[in-house]
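The sequence shown: position 706 = 1389 (this note's numbering), numbered continuously. A short write-up of the structure that comes next.
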Amino acid sequence: MHNLSHSKNFIFQSQVYAQGNLHIGDIYHIQGEPKEIPLQLTPLPHITKANVIGRDTDLDKVKTILQTSDLVVLMNGIGGIGKTTLAKYFIAQFKQEYNYIAWVNNTANIKEAFTNDIALIDSLHLRAELESLPKNDQWVDQAFRLILNRMRQLGGNQSTQKNLLIIDNAGEDIEHTQTLDQIALRPNWKVLVTSREKLLGFTEYELGFLSADAAQQLFYLYYRRERADTLVEEILEILDYHTLLIEVVSKTAQSLRWDLAELLTHLKKKGLHISESAKIKFPHNYNQKVWNVFEYLLEMFSLANLSDYEQWVLMQFAVLPSIPIAYEGQNGENILDFLQIEKGAAKDKFTTATNRVVEKGWLFWDKLGDRFRMHQLLQEVLQFKLRPTIEDCKTIITTIASNLRHGNDIVKYENNAYLGTHLTNYFFCKYEDNELNLTKTGELFSKYTDYCEHHIVGLCMELVYTYTTLNRPKLGITEIERGTYWARQLPHSHLKMIMFNNQLSMLYRDLKDTSGREAYLSKAEKAVCQSINMLYYISDGFPDKDFFYAQQAAHYNNLGLIYEEMDRLDDAIKTMRKARNLLYKCKKRAPLLVGSFHNNLASAYLRQGRVKLAFNNAKKAVNYLIKLMSIARDHHDVKINLENTYRLLAYILIVDNNHEKAIINIEKSLDLLEDIYPDNHPLKVHPLNEIANFYFLMQKHEIALDFIQKSLVIIKANPNEKNHHFNITENLREAILVDMKEKGVSI
């Protein structure tokens, strides 16, 4: 059997260095030279008590939880509420109570957050060991384990003090069972994680909004032109006591020399209806409270009187990861070098501009560390407002590409590869709506893959997902062929090959409505069966069995859908039930997948005429998805699945002659449909056609035609969209009209 990794067989140098536990003043003998490990493993962010308002109670509670909990502690809350500030304050107040301390900034992937932290690597004296690791697609996993292994040994059980690790801005990948066990660093460490997400497996502390008094203090900290508490109270109520918003608004008002009455007038000008008047479409995972924050930040940007050059400066920070970036120095990895800004007038102009945007609250500067950092929420606002293009950011792109081409230091190479991947992924996401821009993104992608040989596979998959989103399966298949070629060149790339094959099968399914339906479905079946066989072949390489079972379940589910398209309903049901049973074996189930599998089973049973089984599975799917709505970090995918399931349940109830309950479910589907998609979104065409067909089956012809008309309006509003539902819409409309004529119904 080939393993994904051979972690149990690795004996790292760090395991040989010390017999027993290490403690304060640990010294490693590396290549015969003793090297002491500093107590501050990374640069620690600086903050003074004067800059933290109204969080002393939260600070004490976090300290108590961290001392008493055996689990990793999660401090969560919406973006901009003050999680990072409180974590910085915690270090400032209590760092003397800990032995070794590390602060790790996370932007996308927890493993890359550690392996891209050059300061941490150098403090642990691991650069040489990381350089010696095989330079393949397993490098990050191996380097991550090596870093945490050495950290785990620091300050052994005999120490009276624990070590402290803070991970800022973690994502859902940290929930992975094996990853969570690794970062816990038991028994010598306490670990505090900040995140916007509600994550499982942690001791949770949710950070709330500021009190009225604290919000007022924070406002006056940055706004010093006048005091008028009554006006400020009204301003703070509008701003919903949101920490980041208060800071940006007060700094903007101070910088632009507004009095409080003028500021209040600006805020009231559009009120809570800014999004409606500006026709803003918010990210789908924003709840209503964050929407208001987003709206006001957009308005503050419009009022901030930023010059073209200041906006260009903000664009550069908006597309980079939300991590501290040095101003100068730092071995070439600083903003001046990234932008190729030389000394003299160019540097003076850039310095003046950065000072201005810092004054207005759009960029944060750590004076002690001479580093800039842009808050992730501000990045999202600027990305939405400024729409940075490849042309706007070409200097950073060129610099990083050059670093990759000429780099021979694997640690710095990985860091630049991470930055390059982040930029590439950013432009993938931003250019999904335009084929010309997508082509430009592909060109950028190609430049990076020339330099990032063992990153090319992951970047190919990103482009595959983009083409899939754009409903361009043939282009996606081309990228899969390219990615598969490179994956074969790399050791231990079986899982990537599996993912490519599974995605390939889905793209072939997407081509089923074109000529050659049977041939494409046959290719889809072959691709997913190859993936399933490879999964069994490497099964011993999955230390996390939950992940293995979930992978198997997803593949069997895909195969079941292919069988259903082939009208092999018995095979479809057998395969989908196998997928469902595999998922039930997971200790940590994925309710969204369970709901999806029950939904697919219901569809297959309905086509077989087994109405009761179809109804039971559809109800189970609804129950799982409704339950998930209360805990999901992102409701968008849950709503899509739930809307689809309500629609299916309505069809089942029609077949069962229960029209009253069918209408109740289709109304629930409609409510979700309007909530999920904005007006004239092309993805609404298919479900609208399905709802039209639902009313057609109930012989409610006029209502059916109303929904057909809505579909046609959307198709007309998206002339560049290659909507394969257009013919379906026209055919359904014709069928309804013919039926109305035959039954003598007036049109």
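For glycine and all other residues, C-beta sits at the position ideal for the given N, C-alpha and C. Note that this is a predicted model, so its numbers are computed, not measured.
When DSSP states are grouped into helix, strand and coil, LYS873 belongs to the strand group.
Beta-carbon to beta-carbon, GLN1186 and ILE1163 are separated by about 6 Å, close enough to satisfy the 8 Å threshold. Pairwise C-beta distances place the stretch 1054-1062 in contact with the stretch 988-1004, as three or more of them are shorter than 8 Å.
With respect to the 8 Å criterion, LYS746 and PHE797 are not classified as neighbours on the basis of their beta carbons.
Inter-segment contact for the stretch 867-881 and the stretch 718-725 is absent: fewer than three beta-carbon pairs are separated by less than 8 Å. In this structure, the straight-line span from the alpha carbon of LEU946 to that of ALA936 is close to 7 Å. Burial is judged here by how many other beta carbons sit within 10 angstroms of a residue's own beta carbon; GLY1012 has fewer than 16 and is exposed.
Under the DSSP definition of a beta bridge, PHE1055 partners with ILE1008, TRP1048.
DSSP places THR886 within a strand segment (E or B) once states are collapsed to three. The three-state secondary structure of LEU754, taken from DSSP, is coil. The way I'd put it, the stretch 753-761 does touch the stretch 879-888; three or more beta-carbon pairs between them come closer than 8 Å. The Cβ atoms of TYR781 and LEU724 lie no closer than 8 Å to each other. Secondary structure at ASN789: coil, using DSSP grouped into helix, strand and coil. The stretch 731-740 makes no contact with the stretch 858-868: fewer than 3 CB pairs, one atom from each, lie closer than 8 Å. Under DSSP, SER878 shares a beta bridge with ASN759.
LYS1393 carries a helical assignment under DSSP once its states are collapsed to helix, strand and coil. In the three-state reduction of the DSSP assignment, LYS1426 falls in the coil class.
Membership of ASN1324 in the alpha helix (DSSP H) is indicated by the continuous run 1318-1338. Contact check for THR1037 against VAL1064 fails: the beta carbons are separated by 8 Å or more.
ILE849: not part of any alpha helix (DSSP H); member of the beta strand (DSSP E) spanning 846-851, first to last residue.
In the DSSP annotation of this structure, the continuous segment of the alpha helix (DSSP H) that includes CYS1212 starts and ends at 1200-1220. Judged by DSSP in its simplified three-state form, GLN1291 adopts helix. The alpha carbon of GLU795 has as its nearest neighbour, out of TYR1101, LEU939, LYS1351, LYS1179, the alpha carbon of TYR1101. Shown here, ILE784 sits in a strand according to DSSP, grouped into three states. For GLY1243, the uninterrupted alpha helix (DSSP H) segment begins and ends at 1228-1248. DSSP places TYR1360 in no alpha helix (DSSP H); its state is neither H nor E. Taking the Cα positions, ASN792 is about 48 Å away from ARG1416. Of all alpha-carbon atoms in LYS1399, GLU1385, PRO1004, the one lying nearest the alpha-carbon of ASN1363 is that of LYS1399.
With respect to the C-alpha of GLY1243, the residue from LYS1268, ASP1229, ILE1215 having the closest C-alpha is ILE1215. Between ILE1079 and ASN1086, the alpha-carbon positions lie close to 11 Å from each other. Three or more pairs of CB atoms, one per stretch, sit closer than 8 Å, so the stretch 1371-1384 contacts the stretch 1341-1353. The beta carbon of HIS1281 sits closer than 6 Å to those of ASN1300, LYS1303, ALA1304, all from its chain and outside the five residues before and after it, given in chain order. Put simply, the backbone Cα of ASP743 is about 24 Å away from that of PRO726.
Looking only at GLN844, MET1423, MET834, the smallest Cα-Cα distance to LEU807 is reached by MET834. Classified as buried, SER1394 has 16 or more neighbouring CB atoms from the shown chains inside 10 Å of its CB. Residue LYS934 holds the alpha-carbon nearest to the alpha-carbon of ASN988 among LEU1019, VAL976, LYS934.
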